[in-house]
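Asks: Residue numbers (full-length UniProt numbering): 1 to 230.
Virtual Cβ for every residue (Gly too), placed ideally from N, Cα, C.
Given the structure is predicted, the values throughout are model-derived calculations rather than measurements.
My questions will all concern the structure given below.
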Amino acid sequence: MIDLSALDIVKSLPQTIDLQLSNTVKEIEIGDNFVKFIDQQNQVKTIDTIPEMIISFTFEDMIEDYNPIFRCSAKDETKIAQIFVDRIQKYQIKGKWPTTKAPILKHNQIYDQVHHHIHVQTDGDFPIGIPLSYEYKNVFFESQNDIRFSYSLESSSDTFYPFFYSEKNIVIPSFKSMNCPGLGFYSKSAKLTIEDFEPRGNEIELVAVNINNISLNNSTVKGAPVCTFI
1 MIDLSALDIV
11 KSLPQTIDLQ
21 LSNTVKEIEI
31 GDNFVKFIDQ
41 QNQVKTIDTI
51 PEMIISFTFE
61 DMIEDYNPIF
71 RCSAKDETKI
81 AQIFVDRIQK
91 YQIKGKWPTT
101 KAPILKHNQI
111 YDQVHHHIHV
121 QTDGDFPIGI
131 PLSYEYKNVF
141 FESQNDIRFS
151 YSLESSSDTF
161 YPFFYSEKNI
171 VIPSFKSMNC
181 PGLGFYSKSA
191 KLTIEDFEPR
201 GNEIELVAVN
211 INNISLNNST
221 VKGAPVCTFI
């Protein structure tokens with residue numbers, strides 16, 4: 001484990017690093033071949049990365065009111081390191097994020113199985129991966145704009161049943177599921193749309209979800225209470 005404060009004396013970073021951060025880090029920017037950290041005093045630390053590098057952000061403690069800002073200036077998906085973020089419940093996603101095959105911000109696990117919900121303030125993009133073991137747990141969105149997943153959602157876990165709450169429309173470009181129990185949405189006026197849906201394996205339940213295109217592949221879909229196929 002490497003403390004962020006020790007980066008200045010580390011001459012070369014291993015390809016897989018566990019980087020310990022504190023809640024004094026207010027902003028993290030992910031770019032082409034770099035990750036930049038800005039603290040509360042606006043001091044900046046930057047590490048050079050390669051796409052094969054795996055960086056896990058470990059926080060000293062999971063602080064419920066910690067709400068770091070994440071930005072992405074990367075233009076080339078092949079130049080982005082593998083970023084894993086745990087122990088954060090609240091995110092601020094700022095600016096425009098590139099469309100990628102996989103989520104830029106990945107999760108290994110939900111750290112606290114009691115306080116397991118994720119709260120996301122976003123300008124419109126959602127680049128955060130959802131843990132495979134995420135059954136009947138919630139992602140709450142706050143946004144002035146409609147929200148779009150910046151990656152294709154895939155899961156093969158039989159404990160994958162996230163529920164999304166938003167007062168803005170949500171679009172998931174693609175969702176490939178294998179034996180996933182379901183996915184749901186709650187809003188007073190907005191809607192969640194999956195543009196291309198490919199379920200496989202066991203029956204999947206969709207709660208208040210709109211589908212543009214679907215390939216059933218020997219799977220069945222049920223809706224509760226509403227499943228609209230467009």
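Label L183 either buried or exposed according to how many other C-beta atoms from any shown protein chain fall within 10 Å of its C-beta, with 16 as the threshold for buried.
Replies: buried
Asks: Pull up the distance between the alpha-carbon of L19 and that of Q144, whole angstroms please.
Replies: 33 Å
Asks: The ligand PLP and P98: does the residue's C-beta get closer than 8 Å to at least one heavy atom of that ligand?
Replies: The model on display carries no ligand, and the ligand PLP is accordingly not part of it.
Asks: I need the DSSP call for T16, collapsed to helix, strand or coil.
Replies: strand
Asks: Considering only C-alpha positions, which residue in the set E77, H117, S73 and N179 is nearest to Y91?
Replies: H117
Asks: Let me check understanding here. Comparing Cα to Cα, which of S166, I80 and F197 lies closest to Y186?
Replies: S166
Asks: DSSP on K90, reduced to helix/strand/coil?
Replies: strand
Asks: Give the DSSP-derived three-state secondary structure of E203 in the structure shown.
Replies: coil
Asks: Rounding to the nearest angstrom, what Cα-Cα distance links P162 and I28 in this structure?
Replies: 26 Å
Asks: For P162, report the span of its beta strand (DSSP E) as first-last.
Replies: F160 to Y165
Asks: Give me the DSSP bridge partner(s) of D196.
Replies: When DSSP reads this structure, D196 sits in a beta bridge with S174 and N213.
Asks: Whole angstroms are fine: how far does the CA of D196 sit from the CA of N33?
Replies: Distance between the alpha carbons of N33 and D196: 31 Å.
Asks: Checking 9 Å against the spacing of the C-beta atoms, do Y151 and T99 come in under that value?
Replies: yes
Asks: Can you name the residues that DSSP bridges to E29?
Replies: K36 and R71
Asks: Taking a contact to mean a Cβ-Cβ separation below 9 Å, would you say P103 touches P127 in this structure?
Replies: yes
Asks: I'd like the list of long-range same chain contacts for E198, defined as Cβ closer than 8 Å, with 5 residues on each side in sequence excluded.
Replies: The residues are S174, F175, K176, S177, I214, S215 and N217.
Asks: Just grab the DSSP bridge partners of I128 for me.
Replies: L105
Asks: From the DSSP output, in three-state form, read off K79 for me.
Replies: Here K79 sits in helix by DSSP.
Asks: Count the other CB atoms within 10 Å of the CB of I50; is the residue buried (16 or more) or exposed (fewer)?
Replies: exposed
Asks: Between the Cα of P181 and those of K191, V221 and D39, spot the shortest distance and give me the residue it belongs to.
Replies: V221
Asks: Would a C-beta distance cut-off of 9 Å place K106 and R71 closer than the cut-off?
Replies: Using a Cβ distance threshold of 9 Å, K106 and R71 do not count as a contacting pair.
Asks: Please determine, among T159, D146 and Y66, the residue with the shortest C-alpha to C-alpha distance to D86.
Replies: For D86, the nearest C-alpha among the options comes from Y66.
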